[in-house]
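S.K.: Attaching a single structure in structure tokens format; questions to follow.
In the numbering used here, the protein residues as written are 35 to 257.
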């Protein structure tokens, strides 16, 4: 944890209880106080999650910060759970948060437990971690290259079909030859894209393996 804090330049002090499905541990009455704080009234009879629409505008910004930066997630982004509210409360009251330890807990949930509903979070921090551990990185391949080729060939074919008046139209044999040539080119390009995709998949798996190794090192480091 301390090593991760050093890499990211983030202090390793403050709130860090990663509780899912229940409130973090607080003194008696604190959870109800937090609920009422974000509801903006004292009408709540018991602690509960709070929908985004129920929050004040400034508290909605804290909620967005939690679900997109501190503990990123792809589901239930319309309501703050107990952990969300605890983090929001600490930010609203300028209380310290142990972000490195929360990152380790959240990455463990997403990666080590193979949570299907979550993508790999912290893309804005992982590059720095990868560079620190000298993990090679590279740019992705253009995703629309094959589509552009198809559009280009279709445009070329339409231009041949709509020739100027008086021009001699292509015979059926010539047209079949052009179609066969196009098919072969597309097949070759498809094979090339498949090869590149398989190579990229291997590189992604290598990065995932490296990430799990880094996570293991950080989680068990005594530094």
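Yeah, the Cβ is synthetic: ideal placement off N, Cα and C, and Gly gets one too. The model shown is predicted, which means the values in this text are computed figures rather than measured ones.
Out of curiosity, what's the CA-to-CA distance linking residue 71 and residue 120?
M.R.: Looking at the two C-alpha atoms, the distance is approximately 11 Å.
S.K.: Three-state secondary structure (DSSP) at residue 60?
M.R.: Of the three classes helix, strand and coil, the one that applies to residue 60 here is coil, per DSSP.
S.K.: Let me make sure I understand the geometry here. Which of 163, 223, 157 and 131 has the alpha-carbon closest to that of residue 51?
M.R.: Taking only the C-alpha atoms, the option nearest residue 51 is 131.
S.K.: Which whole-angstrom value is the C-beta distance of residue 104 and residue 136, which I expect to be below 8 Å?
M.R.: 7 Å between Cβ atoms; contact.
S.K.: Which ranges would you report for the beta strand (DSSP E) in the segment 221-245 if only whole runs of at least 3 residues count?
M.R.: Runs found: none.
S.K.: Whole angstroms is fine: what's the gap from residue 240's alpha carbon to residue 246's?
M.R.: The alpha-carbon atoms of residue 240 and residue 246 are separated by roughly 10 Å.
S.K.: Could you work out which residue in 158, 116, 40 and 250 is closest to residue 66 when comparing CA atoms only?
M.R.: Checking every option, the nearest Cα to that of residue 66 belongs to 116.
S.K.: Give the straight-line distance between the Cα atoms of residue 243 and residue 226, rounded to the nearest whole angstrom.
M.R.: When rounded, the distance between both Cα atoms is 26 Å.
S.K.: Taking the CB atoms as reference points, tell me whether residue 88 and residue 73 lie closer together than 8 Å.
M.R.: Cβ atoms of residue 88 and residue 73: closer than 8 Å.
S.K.: Which same chain residues, not among the five before or five after residue 38, have their C-beta less than 6 Å away from its C-beta?
M.R.: Taken in chain order, the residues that qualify are 134 and 252.
S.K.: What is the rounded straight-line gap between the Cα of residue 94 and the Cα of residue 222?
M.R.: Cα to Cα, the separation comes out at about 51 Å.
S.K.: With a Cβ-Cβ cutoff of 8 Å, do residue 118 and residue 100 count as a contact?
M.R.: Contact: yes.
S.K.: For residue 69 versus residue 58, is the C-beta spacing smaller than 8 Å?
M.R.: Not in contact: residue 69 and residue 58 (Cβ atoms no closer than 8 Å).
S.K.: How many Å lie between residue 41 and residue 158 at the Cα?
M.R.: Straight-line Cα distance between these residues: approximately 13 Å.
S.K.: Does the separation of the CB atoms of residue 155 and residue 144 fall below 8 Å?
M.R.: In this structure, residue 144 lies closer than 8 Å to residue 155 by Cβ.
S.K.: Among all the DSSP beta bridges, which residues are the ones paired with residue 113?
M.R.: According to DSSP, residue 113 bridges with 85.
S.K.: Could you spell out where the alpha helix (DSSP H) holding residue 138 opens and where it closes?
M.R.: Per DSSP, residue 138 belongs to the alpha helix (DSSP H) from 133-141.
S.K.: My output table needs one value for residue 164: the three-state DSSP class, helix, strand or coil.
M.R.: Helix, per DSSP.
S.K.: Spatial neighbours of residue 84 within its chain, please: CB distance less than 6 Å, with the 5 preceding and 5 following residues excluded, ordered by chain position.
M.R.: The answer, listed in chain order, is 72 and 114.
S.K.: Buried or exposed for residue 97, going by 16 or more other Cβ atoms inside 10 Å?
M.R.: Residue 97 is buried by the Cβ-count criterion.
S.K.: Which residues does DSSP list as the beta-bridge partners of residue 49?
M.R.: Partner(s): 131.
S.K.: Out of 48, 161, 140 and 112, which one is the CA nearest neighbour of residue 123?
M.R.: For residue 123, the nearest C-alpha among the options comes from 48.
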